[in-house]
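Undergrad:
2 protein chains.
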Amino acid sequence: MTDSPLQFELHTTDGRARRGKVTVPHGSFNTPAFMPVGTRATVKGLMPRDLRETGSEICLSNTYHLNISPGPKIVKKMGGLHHFMGWDAPILTDSGGYQVFSLPKAKLDEEGVTFKFEQKGGKKITLTPEKSMQIQEDLGADIIMAFDVCVPHPCEYQDAREAVYRTIRWLERCKEAHSRKDQALFGIIQGSTYADLRALSTQLTREIDLPGYAIGGLSVGEGHELMMSSIDQTEPGMIKEKPRYLMGVGYPEDIVEAVARGIDMFDCVIPSRYARSGVAFTRRGRFRVTNARYRSDKFPLDTNCNCYCCRNFSRAYLNHLINTNEILGSALMTLHNVTFYQDMMRAIRMAIEEGSFEKFRQAFLDEYLSDDKKEELGFDDLDGRYDQEDFGWDVKHSVVPPTDIAENLEKTEPVDEVAGPRRRIEKIKNLGDD
Amino acid sequence: MTDSPLQFELHTTDGRARRGKVTVPHGSFNTPAFMPVGTRATVKGLMPRDLRETGSEICLSNTYHLNISPGPKIVKKMGGLHHFMGWDAPILTDSGGYQVFSLPKAKLDEEGVTFKFEQKGGKKITLTPEKSMQIQEDLGADIIMAFDVCVPHPCEYQDAREAVYRTIRWLERCKEAHSRKDQALFGIIQGSTYADLRALSTQLTREIDLPGYAIGGLSVGEGHELMMSSIDQTEPGMIKEKPRYLMGVGYPEDIVEAVARGIDMFDCVIPSRYARSGVAFTRRGRFRVTNARYRSDKFPLDTNCNCYCCRNFSRAYLNHLINTNEILGSALMTLHNVTFYQDMMRAIRMAIEEGSFEKFRQAFLDEYLSDDKKEELGFDDLDGRYDQEDFGWDVKHSVVPPTDIAENLEKTEPVDEVAGPRRRIEKIKNLGDD
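Protein chains in written order, with our numbering: chain V, 653 to 1086; chain C, 653 to 1086.
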């Protein structure tokens, strides 16, 4: 153990995939890890105890939004972000850079970014590396992010190159400005989708000694293929002994594929944002529960999910709640979707431990992706590549198709050997019809 | 035990106040009881397990709204309202009468009420006693309400008199149409604020044998005084051996005063609706947590409340959540407010059991009401009327004033002898200031 605010244990690898554990002042989390996003010091709709129940071991909060409300001084006065939001496990805050760069009238120079707060009566603010560090110190997260230059996609080579160098200069300023010894500062690698700039940025960033490093500037509309090739250009140059965080990613297929390329940490708003619009993630892909076909569907979102939502409520109930804008609909759907993501991460970790990650990956994608999506992503021959008996993700257990269930109720036979789900399915099938 | 779907045990009385227990097919609830309102098969923002945690033993749902979405046939197909909404304890549904009478273009005749559903593409619907019974049978609540004629306030004598008679004719049709043996049908007494009509309606209604009776047509803008005098004109004529339900009431002071007049059951949207706009109920009255003075207030909504919200979150956090329209703000505030109501009901029941209800009533109102409100309701000399040592409601425990706490933090000393709250107060006071 060192004085470092972050320890990373790399337990095992399976191909390029890594299984490890990160320890920070507020506890540990297993990697590969998914961090749900609690923008304004709350994962929308979930009480901290609900969030814990999803299997989440760390969550993320946003510097830009917390700077608007309630303001870092208030969070500090309230005993810091953990105490304020009632989440006593690890927290990561972003630097605010991603948000301010996406503002339409943000003005960038070497000092920082100047923009107007929409909410604060149009108050003009300059966010700099030093200012971002100050805010993040007041918030008090375990892991904080450097203030970097995010370029859009697509981006001219010259602009991307300038951003790489400025990001490095700003990283040095961040490191200099950061004084709290109980927070781990991560550097961010940029370079857009240019292979040589990615390699350059990786090299320059790793030369600055930090407890962890992130890949930034992806998940900005470049698509799955470019995202993966950018990871391929970046990750191999990163330090093996430190955690690697792919920022803002993503869909389940993105996460599985990035784990296969050596990534340890992920965050994304997708499970919670999709939840609020009624989109459920399941082992057989995602579906929109607000669709009319689910109006009287007695089955849970995912029969093999053990979350509170799936144990207690039907698609019909969620269809009703989301369609009538009931708060509970957002809360229950979020609880399920985040649980789905965490179940997936647990299965990923188990597969890596067992040395069967490659098979898991094929089987997961085969079950999860639609045929169209398989073709689009180049996974058209997944079937022959794995043996169902061979890994932890319960493909056989998804006895309930996500669609057509109401119509095909009598045709669906449980093939599951686990007593719990089977009993539940029997009970559901015996509900009174009219 | 009889074949009746409802048994009422009257355990003890204290003055006119009554302490009892109602048993229906899905369980028992203690009276006096407060029923939180779950309009569309959800108490907004609360998972059923959260609702249970508030101490709620029964909840209410609305026929009119459930008839719009998801529709009674779907609820029936889903195994009934209990299974649909995941609430396995008693449920009461209203008849839809109150809602349809408040629609601007509702047309009333002897058959029923004809109106247009706003949501269902303006579809024209006639709601009749028979139709209301059919819908409520499909929904499957333990207690269902007769379809009655609700008159507005103020109301001409002649109109109120006609409504009394029509309500009786409709009650007979409801009883005739109602066939499920596992649901208890309650009759509703009308009569507006006319003493002789209240007496008449009470007499006519009790002549029809039913498991319980309700006082309707109040809480429609008549004010506290007229509400209480109307109860005084109604309740004494009601059958002693059956539960008495005062519909749609109300504020804590209304409930305490109605309990003193012999009422057993209450429902109201106030705790949950006020919660969503940031108004908290506490032992020292209610306050608006969105007020700027609470922006950095470290104390919970009510220091002596043991709900999940008060155990974990500050007024500052709730101020932030409600001001930024975060769903969690509504959920946490609702959890607290409903808990406050249920704690009050528990204290009421204990006081009746101990024969100290009159002292509880004075002490509660003295602590809860503002001076203005005391004067308005005629409670200006409460101080001399009770001894603080003498009853169950912990007046001494409210060590934290609901206002000015941030400014007076150092001046507030805990006088509470209970270890839990004292430790919590010490911990809060030791939070870092800037």
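The beta carbon of each residue, even a glycine, is placed where N, CA and C say it ideally should be.
Because the structure is a prediction, the values reported are computed rather than measured.
Taking C-beta pairs closer than 8 Å, name the residues in chain V that C:Y960 reaches, listed in chain order.
TA: By Cβ distance, chain V contributes M699 and R701.
Undergrad: Where does V:E1062 fall in DSSP's three states?
TA: Only weak support is given to the placement of V:E1062: the predicted model assigns it a pLDDT of 35, under 50, and the value that follows is read from those uncertain coordinates. Helix at V:E1062.
Undergrad: I'd like the list of long-range same chain contacts for V:A1087, defined as Cβ closer than 7 Å, with 5 residues on each side in sequence excluded.
TA: In the structure as shown, chain V begins at 653 and stops at 1086. Residue 1087 of chain V is therefore absent and cannot be evaluated.
Undergrad: To which residues of the same chain is C:L718 closer than 8 Å at the C-beta, ignoring the five residues directly before and after it?
TA: Within the same chain, C:L718 has close Cβ partners R692, A693, P724, V727, L733, T745, I787 and L791.
Undergrad: Give every residue of the same chain whose Cβ lies closer than 7 Å to the Cβ of C:T854, excluding the five residues on either side of it in the sequence, and list them in chain order.
TA: Cβ within range, chain order: I841, T886, G889 and M890.
Undergrad: Does any residue of chain C have a CB that is nearer than 9 Å to the CB of V:R940?
TA: With 9 Å as the cut-off, V:R940 does not count as an interface residue toward chain C.
Undergrad: In whole angstroms, what is the alpha-carbon distance linking C:K757 and V:H988?
TA: So the alpha carbons of these two residues sit roughly 42 Å apart.
Undergrad: Output needed for V:D1056: all residues of its chain with C-beta closer than 7 Å, excluding positions within five of it in sequence on either side, in chain order.
TA: Reliability of the predicted coordinates at V:D1056 is poor, the pLDDT of 36 falling under 50, and no value is obtained from them.
Undergrad: Within 10 Å of its beta-carbon, does V:N958 have 16 or more other beta-carbons around it, so buried, or fewer, so exposed?
TA: Classification of V:N958: exposed, given that the 10 Å Cβ count is below 16.
Undergrad: Would you say the region 960-972 of chain V touches the region 986-1004 of chain V, given that touching needs at least three Cβ pairs under 8 Å?
TA: Yes, they touch.
Undergrad: What residues from chain V crowd round C:N975, counting only those whose CB sits closer than 9 Å?
TA: The answer, in chain order, is S721 and P722.
Undergrad: Below 8 Å between beta carbons is the criterion; list the residues of the region 736-761 of chain V that meet it against any residue of chain C, in chain order.
TA: Listed by position, the residues of the region 736-761 of chain V near chain C (Cβ gap below 8 Å) are F736, M737 and G738.
Undergrad: Which residue comes first and which comes last in the beta strand (DSSP E) that contains V:M687?
TA: It spans A685 to P688 - the beta strand (DSSP E) in which V:M687 sits, taken as one unbroken run.
Undergrad: Spatial neighbours of V:L658 within its chain, please: C-beta separation below 6 Å, excluding the five flanking residues on both sides.
TA: Cβ neighbours of V:L658 beyond the five flanking positions: V676, A836 and P863.
Undergrad: Determine, for C:S982, whether the minimum Cβ-Cβ distance to residues of chain V falls below 9 Å.
TA: Closer than 9 Å to some Cβ of chain V, the Cβ of C:S982 qualifies, so yes.
Undergrad: Examine the Cβ distances between the region 964-971 of chain V and the region 703-718 of chain C and report whether three or more of them are shorter than 8 Å.
TA: Output reads no: the region 703-718 of chain C does not touch the region 964-971 of chain V.
Undergrad: Using CA atoms only, rank isn't needed, just tell me which of V:R821, V:K783, V:W822 and V:G868 is closest to V:G902.
TA: Ranking the options by Cα distance to V:G902, first place goes to V:G868.
Undergrad: Whole beta strand (DSSP E) runs in the region 676-733 of chain V with 3 or more residues, listed along the chain?
TA: With a minimum length of 3 residues, the continuous beta strand (DSSP E) runs that stay inside the region 676-733 of chain V are 679-683, 685-688 and 711-713.
Undergrad: Is the CB of V:N943 under 9 Å away from at least one CB in chain C?
TA: For V:N943, the answer is no, since every Cβ of chain C falls outside 9 Å of its Cβ.
Undergrad: Are there 16 or more other CB atoms within 10 angstroms of the CB of V:E661, so buried, or fewer, so exposed?
TA: The residue is exposed, with fewer than 16 neighbouring Cβ atoms inside 10 Å.
Undergrad: Taking 8 Å as the threshold, find out whether the region 924-932 of chain V comes into contact with the region 893-909 of chain V through three or more Cβ pairs.
TA: Judged by Cβ distances under 8 Å, the region 924-932 of chain V makes no contact with the region 893-909 of chain V, as fewer than three pairs qualify.
Undergrad: With DSSP as the reference, label C:C920 as helix, strand or coil.
TA: Strand, per DSSP.
Undergrad: In its own chain, which residues sit with a C-beta less than 7 Å from the C-beta of C:C802, not counting the 5 before and 5 after it?
TA: Result list for C:C802: G749, Y750, F753, G868 and G869, in chain order.
Undergrad: Identify the continuous beta strand (DSSP E) that holds C:V765 and give its terminal residues.
TA: Residues V765 to K768.
Undergrad: Give the straight-line distance between the Cα atoms of V:V765 and V:A798, rounded to the nearest whole angstrom.
TA: Going from the Cα of V:V765 to the Cα of V:A798 covers about 14 Å.
Undergrad: Return the residue from the list V:S784, V:F767, V:T857 and V:D834 that minimises the CA-CA distance to V:L755.
TA: Ranking the options by Cα distance to V:L755, first place goes to V:F767.
Undergrad: Would you give the residue range spanned by the beta strand (DSSP E) that C:A932 belongs to?
TA: Run containing C:A932: V931 to T934, per the beta strand (DSSP E) assignment.
Undergrad: Say whether chain C places a C-beta atom closer than 9 Å to the C-beta of V:E609.
TA: Absent from the structure is residue 609 of chain V, since the part of chain V shown begins at 653 and ends at 1086.
Undergrad: Whose C-alpha, out of V:T942, V:E789, V:I974 and V:P952, is nearest the C-alpha of V:N964?
TA: Ranking V:T942, V:E789, V:I974 and V:P952 by Cα distance to V:N964 puts V:P952 first.
Undergrad: Checking the sheet assignment: what are the DSSP bridge partners for C:Q659?
TA: The partner list for C:Q659 (beta bridge, DSSP) reads C:T675.
Undergrad: Taking buried to mean at least 16 other C-beta atoms within 10 Å of its own C-beta, is V:G1099 buried or exposed?
TA: Outside the shown range of chain V (653 to 1086) lies residue 1099 of chain V, about which nothing can therefore be said.
Undergrad: Using the Cβ count rule (16 or more neighbours within 10 Å means buried), how would you classify C:K696?
TA: C:K696 should be labelled buried.
Undergrad: At the level of alpha carbons, what is the spacing between V:E1005 and V:G667?
TA: Looking at the two C-alpha atoms, the distance is approximately 11 Å.
Undergrad: Against chain V, with Cβ distances strictly below 9 Å, would C:I979 count as a contact?
TA: Yes, C:I979 counts as interfacial toward chain V.
Undergrad: In the structure shown, what three-state DSSP assignment does C:M899 receive?
TA: Of the three classes helix, strand and coil, the one that applies to C:M899 here is coil, per DSSP.
Undergrad: Would you mind sorting C:E978 into buried or exposed? The rule is 16 or more other CB atoms within 10 Å of its CB.
TA: The residue in question, C:E978, is buried, as its Cβ has 16 or more Cβ neighbours within 10 Å.
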